[in-house]
Structure formats: C-alpha cells, structure tokens
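Using this note's numbering, you'd call the opening residue of the sequence shown number 779 and step up by one each time.
Where a beta carbon is used, it is the ideal one built from N, C-alpha and C, also for glycine.
This one's a predicted model, so the numbers in the text were calculated from it and none came from an experiment.
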Amino acid sequence: MLANDFPDDLKPFLIPEVGGDMGYDCLACEARYAPDQLLYTCPACGGLLMLTDKKIDRLKEKPGSFWRRLFDHRLMLNHGALKGVFTFHEFLAPNIPLSDVIYLGEGHSPVVKAPSSLANQVGANFFVKMEGQNPSASFKDRGMAAAMSMLNHLVRIKNLDQVIAVCASTGDTSASAALYASSLGKSVKSVVLLPKGKVTPQQLSQPLGAGATVFELPGVFDDSMKVVERLSEKYHVALLNSKNPWRVLGQESYAYEVAQQFDYALLDKVLIVPVGNAGNITAILSGLLKFHKALVIDGLPKIVAVQSKRANPVFRYYRQPMGTRSYSPVVVKPSVAQAAMIGDPVSFPRLAVLSKLYEQEAGISSFYVVEVDETAIMEGMLQANSHGLTVCTQGGECVAGLKAALGEGLITPSETAILDSTAHALKFVDFQNAYFEGRLAQEYGVATKPELANKPRELELVDTPIPEPGQTMTGAQRETFVSTATRAIAEALSLSEKV
Ligand code: F0G
C-alpha cells in the first residue's frame, strides 16, 4: 500500500525517525553507558548489561489505540526496513536509523492453531508460533537482525574496518550470525564456536554454507561460551551471543507480534517458552512489560518457561521459595532439546530482574517454570508433527511443558496457550529419525514407543523386472513394473478397484 493511501492521522508516523535515549544499564552497579559502542559487560564492575530507553515514557503520550493502529497499518507498508522486527522500531531500538537496518525476511512468523485432534490429546486448545519460518529457520534471526543492524550502524558511523563477530552456539545462533554477517559482505567476518557433536548436521551446515569460520570445540555449549567470553574480554571482537544486549531487543519482537496476532488481548493467554541461555524468555518478558506500560495490550499473559530435567538451572532457581532463592549452574546431561542444553545461562541475571518486575505488574501467579523429561519432549514433537505442525525438539519441549503445567494445575484448559516452536523441525530431524529407527542413543534416556514410529515400507515385487537403483526402465519392462507395483500397493492399502 502506498504511503499516501494510509489514514491521514497515521501518515506522519508511518516511517519512524531516530529517537529515544538508549543506553546500556549495568544490572550490578547501575552505571549507564552511551549506546554508540559495543559493550557486553560493565567496564566498571563486570556486571551484565541491559539496554533501556530513558525516554520510554514518551510512548505513553499516545494512547494504546494509536500504537495498535500504527503497527497494524505498518504491516501493509512496503518499506524493507520496517517489514521485519523493526515494525516495532519505537519500542525496540529507536536509535538505529532505518537506513542501517538489515532485513533478511525475519519476523512476523505465523501463529497456527493446533487441530482439535491434537488439542484433545494434549488436554487444551493451543496455538504454536512457528519460529522455524525465519530465514535461518529459528527465532534467533529476530535478535540477530537487531544486533547486526546496530553493528552495521557502528561500522558506518565509526568507519570500522573488518569486524570479527564471534559467538558460541548450540547451533542456531551460529546459523543466524553467519547468515546475517554474510549479507554484510566484507565489513563483518563471522566466527562461530560449536561444541563438537552437540549441534545437528543441518545446523552445522548453515554457518559453513554462509562462509563463516567454524571452530568445533570439545565439551558442551557452556565450555564454548566461556571461550567466547574470554575472547571478547581480551581481543577486539564483536560478541553476538545474547550477552550482546542488542540481541535481546530484537527478540522482544516475539512479544509484540504475539500481541498483534491476538488483537492485543493477552489477558487470558499463556505463553509457553523453552529456556536455554535465557535470552528469549528475558526478551519476551521485557517486550510484554513495555507494551503493557504503554497500554498497547489489555493485560499481561501468564508465562510458563520450560526446561529439560537434564539442563534445568532456571527451574531449580524458581522452585525455591521466594526470598530464599539462590542460583547455581548445573552440569548438563544429553538432551534431545539440544539447542537448550545449557547449564549456566548467560542471561540469568537479566531474567531474575525481569521476572521480579513481571510478577510485580502481573501478580505472583503470572510466571512459572516447569521441567519435563526427555520422553515427554520427544513425544511432544512427534505428536505435533503428525498433526499438521513442524516443530523442533524445543517446540516438543513446549508441548510437554503445556501438559506439565496443566497437570500441575498452573493453568486450566480454559486458558489459551501459545507455544514457541523456536526452530524448524528439519533442523532436528535426526532425533525423529533415530527414534523411528530404534537407534536413539541410550544416553538421552528416552523410552520409545513403537506405535509412534513411522518407517518407509518396502514392497515385495515378484515376477517383474526391477530398475537398478537410480535407473529407470522403458517399454514393456516398465509397464510390467508399474502394474505389479500398483497392485502390491493397492493390496497393502486394502483398496478396492473402481468399477
Ligand atoms: N530453542 C532453540 C531452537 C534454540 O536454538 C535455543 C537456544 C533455545 C530454544 C533456548 O533459547 O537460549 O534464548 O533461552 N539456542 C542458543 C544457540 C543458545 O546457540 O543457538 P534461549
């Protein structure tokens, strides 16, 4: 739609200008730093940083209805920089000029209602937000679009030469970082550190295909993460893990979109989110709080965070009585929700602050963490994917989390749950295949059910010529083959012939 065709009162606001007063806030010593530099920890005390907008109250000068109309109309605007997460520029990173925004097709992922056959099995109606439909097939593209746009901005205003952008990853941050860096050409070089054998072959192929430098390290993600942290302390590299607070801002768009996709009515909703490094859950809480303060939404939804029992430091923290909680990292065990297999989440200090603020605004029964076992995760994934969805193992973790929350009475079947399927099923398809073929390694502790397995069938073809593998046949030979194979399939399916 052309800018001229929008309602007159919205026209001046359709294309946002640079604004706000962004800065890095230290969570430990409360120091504040200017945004035109890359910081990950406080230069004064080493504390974790969050980006805040000191002029955020300006957003309250307009009624919530203004923002709702503006964001809904922006969806029809053909302006590249505003098509992705920057649809919500004013709430997200208003200091970044649109001319520096990188857009690769991220954001505005569809929300799909689970068919009733699946809802009946699970015990409640629910929706799934299909984050696997982002360009690198995971939600990480939201934060990466913001962090890379900011990096692009800094490269331009500071005239920086080749920036080395590093991250450690369980497979999806690396895929996303490499993709966005490759779109910037020579100005940003992507370097990714992966725990060897702990990312799927599909995830490994992504940074390789994008031309990144890939290091495979022994150990688990937590070990690679420590190396990246040390690299960013000692050398001039840009860090692209969610320790980079620009990533968190981009991921807030998940919350804004859920609001928009449910007509800004979130009061009776429950958001179910898998937690690994705790960047996503932090961003979702932060985004919801911003929209709530500006009266864009009618209220705050309930949040259910989900962890595997094999990587559950966040669950363990929140299950202690309030006031006595203490945080300790855990040593992870192999989990099929491998992308969230993290024992010492980098964003935990941010989550602790934001969950407290959230509970202050939404009430103490508004934020829960549940844990689920590996069998439940696999079954959640297989159930969803055999009912019209395409969820990853972390999406399966959400299905299992919904069942657990219903079982514990934390939510009721009358509430509407929205599950975050954080990546595409195909990235994690090897877990499905291993389950189906009965070769899922015992170390995952999954009890497999043969009735859930699906395998290709071979036909017994007798009295017919058979093509060599990869070859075809012609003439009478092919005709015999086609009619024999057709008959065999019809028999296997108990089909009766048309009369
Ligand atoms: N789901 C998927 C598919 C992920 O890739 C991750 C994290 C999570 C869930 C957990 O989200 O870390 O924000 O709490 N993957 C990171 C990575 C750590 O390196 O790709 P989180």
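**Asked** In three-state terms, what does DSSP make of Ser983?
**Response** Here Ser983 sits in helix by DSSP.
Counting C-beta neighbours from all protein chains within 10 Å, is the total for Ser930 16 or more, i.e. buried, or is it exposed? Reading off the sequence, residue 930 comes out as Asn, not Ser. Buried, because 16 or more other Cβ atoms sit within 10 Å of the Cβ of Asn930.
Problem set entry | Gln1085, enclosing alpha helix (DSSP H) - first and last residue | Not the alpha helix (DSSP H): Gln1085 falls in the beta strand (DSSP E), residues 1080 to 1086.
| query | What does a CB cutoff of less than 7 Å around Tyr1042 pick up in its chain, not counting 5 residues either side in sequence? | reply | Arg846, Val1074, Ile1075, Asp1076
Span separating the alpha-carbon of Ser973 from that of Gly824 = Here residue 973 turns out to be Pro, not Ser, going by the sequence shown. So the two alpha carbons sit approximately 26 Å from each other.
Exercise. Can you tell me whether DSSP reads Tyr802 as helix, strand or coil?
Worked result: Here Tyr802 sits in strand by DSSP.
With DSSP run on the structure shown, which of helix, strand or coil describes Arg1103?
-> coil
Q.
Spatial neighbours of Arg1025 within its chain, please: C-beta separation below 6 Å, excluding the five flanking residues on both sides.
A. Gly921, Ala925
Q. Can the beta-carbon of Glu1215 be found closer than 9 Å to that of Ala1231?
A. yes
When DSSP builds the beta bridges, which residues end up paired with Phe904? For Phe904, DSSP records a beta bridge to Ala1195.
Since Ile1120 and Gly1054 should fall inside the 8 Å C-beta cutoff, what is the C-beta to C-beta distance between them, to a whole number of angstroms? Yes, Ile1120 and Gly1054 are in contact; Cβ-Cβ is about 4 Å, under 8 Å.
**Item:** Nearest candidate by alpha-carbon position, reference Val906, set Cys1170, Arg1265, Lys1276, Ala1225
**Value:** Cys1170
The region 962 to 973 / the region 935 to 948 touching (three or more Cβ pairs under 8 Å): yes
**Request:** Would you be able to state if there are at least three C-beta pairs under 8 Å between the region 1000 to 1013 and the region 1032 to 1041?
**Result:** Proximity of the region 1032 to 1041 to the region 1000 to 1013 falls short of the contact definition, fewer than three beta-carbon pairs being nearer than 8 Å.
(request) Using only alpha-carbon positions, find the residue among Met854, Asn1211, Asp1046, Val1082 that is nearest to Ser1192. (result) Comparing Cα-Cα distances from Ser1192 to each of Met854, Asn1211, Asp1046, Val1082, the minimum goes to Asp1046.
Mind the definition here: the region 864 to 880 touches the region 791 to 800 only if three or more C-beta pairs lie below 8 Å; say whether that holds. yes
**Prompt:** Under a Cβ-count criterion, where at least 16 other Cβ atoms within 10 Å of its own Cβ denotes burial, should Cys820 be classed as buried or exposed?
**Reply:** buried
Take Ile1244 as the anchor and find which of Thr978, Arg1256, Glu1236 has the nearest alpha-carbon. Arg1256
Going by the C-beta, is Pro1107 closer than 8 Å to any heavy atom of ligand 1? no
- Please indicate yes or no: does the CB of Thr951 lie closer than 8 Å to some heavy atom of ligand 1? yes
**OP:** Please say whether Phe864 and Leu855 have beta carbons closer to each other than 9 Å?
**Re:** no
For Met1156, write down the residues that DSSP places opposite it in a beta bridge. The partner list for Met1156 (beta bridge, DSSP) is empty, contrary to what the question assumes.
(message) Quick check on the DSSP output: the alpha helix (DSSP H) that includes Cys1176 runs from which residue to which?
(response) 1171 to 1185
Exercise for review: State buried or exposed for Met1100, treating a residue as buried only when at least 16 other CB atoms are found within 10 Å of its CB.
Suggested key: exposed
task: Assign Arg847 to one of three DSSP states: helix, strand, or coil.
output: helix
Taking Val1082 and Gly1179 to be in contact with their CB atoms under 8 Å, please state how far apart those CB atoms are, rounded to whole angstroms. 6 Å
Taking the DSSP output, what are the residues bridged to Lys1233? DSSP, once it has assigned bridges, lists no residue as partnering Lys1233.
| request: Count the other C-beta atoms from every protein chain shown that fall within 10 angstroms of the C-beta of Tyr1013, then say buried if there are 16 or more, exposed otherwise. | output: exposed
*asked:* On a Cα-Cα basis, can you pick out the residue from Gly1223, Glu1011, Gly1187, Ile1267 that is closest to Gly901?
replied: Ranking Gly1223, Glu1011, Gly1187, Ile1267 by Cα distance to Gly901 puts Gly1187 first.
Start and end residues, alpha helix (DSSP H) containing Met926: Note, Met926: alpha helix (DSSP H), 918 to 935.
**Prompt:** Is Pro1052 helix, strand or coil by DSSP?
**Reply:** strand
For the alpha helix (DSSP H) that contains Lys1295, what are its first and last residues? Because the chain is modelled from 779 through 1277, residue 1295 falls outside the range shown and cannot be assessed.
Less than 6 Å between C-beta atoms, sequence neighbours within five positions excluded: which residues of the same chain meet that for Val1108?
Scanning its chain for C-beta atoms nearer than 6 Å, with the 5 sequence neighbours on each side dropped, one finds around Val1108 the residues Pro1091, Gly1121, in chain order.
Per DSSP, Tyr1042 forms a beta bridge with which residues?
Note: Tyr1042 sits in no beta bridge, so no partner.
Straight-line CA distance for Lys1205 to Ala1254? Distance between the alpha carbons of Lys1205 and Ala1254: 43 Å.
| query | Can you tell me whether DSSP reads Asp1076 as helix, strand or coil? | reply | Note: Asp1076 maps to coil in three-state DSSP.
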